[in-house]
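Under numbering that gives the first Met the number 0, the first residue of the sequence shown carries the number 0, and numbering increases by one thereafter. Even for Gly, the Cβ is constructed at its ideal location relative to N, Cα and C. Here the structure is laid out as structure tokens; the discussion comes afterwards.
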Amino acid sequence: MSAKRAVTKAKDAASEIVKPAAHGYEFGGPIGAALISFGLPLVCYAFAFLCNDVSGCPAPSLLSPRTLFTPATLSTQSGWQHAQSVLAREVGWPGWTGLLTAEGVLGSLAWYGWSLTLYALLPAQETEGTELRTGGRLKYRFNSLITAVVTLFVLGVGSFVLGPQFQVWTFINRNYIQILTTNIVISYALATYCYLASFAVKQGNVDHRELAAGGHSGNIIYDWFIGRELNPRVDIPFIGEVDIKAFMEVRPGLLGWLVLDLAFMAKQYGSYGYVTDSMLIVTISQGIYVMDCFYNESSILTQMDLTTDGFGLMLSFGDLVWVPFIYSLQARYLSVHPVILGPWYSMMILAVAGFGYYVFRASNNEKNTIRTDPTNPSVAHLEYITTHTGSKLLTTGWWGRARHINYLGDWFMSWSYCLPTLLSGYRITNSVLMPGNRLVTRDGMEGAAIPVTYFFMLYFGVLLIHREMRDEAKCRRKYGKDWEAYCKKVPYRIIPGVY
Ligand code: NDP
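Following this line, the structure appears as structure tokens:
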């Protein structure tokens, strides 16, 4: 072989490693990617405005739009303007320029700065990720648990000293919309930066940079959405190297979700002078979920998000906007409309949450243990298939009941976030007996806010079914006949005996 051909062949091989064979489109291809990318921010705004502390949840005119948009109002410009101004008043519309303010931007950036500072300063577990296609392993720095503990301690001290008037809580409740907008902008900017930076991934690079298998279709919008580079990293002065995906996956957004819940709890306490059992159940069950994720932070290394997906808008928006702002909708609802459940209903909801957590944690532990410590007595009795790659696929125990039994536990937990809002819906009116005061009443609104407060259960079910399909396709590609043998032994996907 000539020297020139040998060099070309070596270059091709290196290129294949950095740029693996792309597989087909997911999420409906470029059109689906565009709809999700530009549609989901609108969904976030819709929930934020339609369920509010100005007129009700939902804004009352929306329940009877015909009274607002009559043929008479729509046929004249002044009628149309009147209808618009009523709606704008009812949803607390701040005007286009009010969506993004200096206060909201600075406060949000301070939160990212705080997260990065604690990431750099606090002691951390330094660990290596799974093996890359290029053969090496990246180093990761994990200290989200201690970051959360320090943050919650500071917030606890502030709340103890200043009560619900603690500036962090009042800032969040005053600038909720503007913080939402800032995070949307940051998620778009981050996805764009990572997309552009991914073109620096070259053959034979020594930094272990590589493209995600599904992220280099050549279609700009799709690759920008799904994530082109697998592990984008950035060097920040005084902070050091940060793995963007691992950082965003567990830090500002996930802890931000809990901080938003706490701000809403403070708002409820500030408005009513007490905190309801429903608010406690929502915040504590979500708090346990978040802290559990921090405690098991290193387990993200084997999750699809880290091993397979690139970092594009899908993850940046999901991590920084969708998780904190959509997952905290119930606490936001309860901050305005306090629901008292009583002991029996509370115990029923806690039982559902406890069962879900048990299935979720026990199944995830079983899988992690068989992969990291197979001789451990807790898994030694379990049966498994050893695949041609050497990985073990459990066929008894939790993973013998359904191929993603952990998703079922996760979904049950999501019930405990929604059920405490009962037949949700409220209206805010001016008090006749106490002029100047406002009343929050149910007044014919029972059940009207169910699409808001129960949205999470439905959405999360759809997310988990779709995620299971993506993971199934990945495992089929990776394990081939071994995966088929596993599917024969364990025919159910998520719900044993049903699905
Ligand atoms: P899983 O933890 O479900 O892991 C799937 C991987 O496990 C597969 O790709 C395969 O990886 C391996 N595997 C599959 N079958 C077996 C088996 N029988 N025995 C051993 N290993 C097996 O993946 P996720 O990353 O999706 O989920 C992790 C957790 O995070 C879940 O509990 C999920 O509910 C939760 N989650 C929460 C979200 C939220 O927004 N709250 C969003 C997404 C996930 P390999 O290639 O290594 O064999």
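- Comparing alpha carbon positions, the residue from Glu25, Leu189, Trp168, Leu253 closest to Tyr288 is Leu253.
- In this chain, Asn174 is not harboured by any beta strand (DSSP E), its DSSP state being neither H nor E.
- Cβ-Cβ distances below 8 Å link Arg469 to Glu25, Met303 in the same chain, with the five nearest sequence neighbours on each side left out; the list follows chain order.
- Between the region 305–314 and the region 216–233, the count of C-beta pairs closer than 8 Å reaches three or more; the two stretches touch.
- Beta-bridge partners assigned by DSSP to Cys56: Tyr425.
- Cα atoms of Gly162 and Ala265: separation of roughly 8 Å, rounded to the nearest angstrom.
- The C-alpha of Leu108 lies about 10 Å from the C-alpha of Ala101.
- Arg232 has Asp242 as its beta-bridge partners, per DSSP.
- Taking C-alpha positions only, Tyr425 is separated from Ala361 by approximately 39 Å.
- The region 25–43 makes contact with the region 315–324, as at least three CB pairs between them are under 8 Å.
- Pairing Phe141 with Ile238, the inter-Cα distance amounts to about 14 Å.
- Spatial neighbours of Val489 in its own chain (CB-CB distance under 8 Å, excluding positions within 5 residues in sequence) are listed in chain order as Thr394, Trp398, Gly399, Arg400, Ala401, Arg402.
- Between the alpha carbons of Val149 and Trp113 lies a gap of roughly 11 Å.
- Remark: the C-beta of Ile369 is in contact range of the ligand NDP, defined as less than 7 Å to any heavy atom.
- Of the candidates Glu483, Ile283, Leu314, Ile283 places its Cα closest to the Cα of Ser413.
- In the three-state reduction of the DSSP assignment, Phe141 falls in the strand class.
- Within the chosen limit of 7 Å, the ligand NDP does not reach the beta carbon of Lys244 with any heavy atom.
- Within 7 Å of the C-beta of Lys473 there is at least one heavy atom belonging to the ligand NDP.
- Less than 8 Å separates the beta-carbon of Tyr416 from that of Gln285.
- According to the DSSP secondary-structure assignment, Leu393 is paired through a beta bridge with Tyr383.
- Thr306: not part of any beta strand (DSSP E); member of the alpha helix (DSSP H) spanning 303–306, first to last residue.
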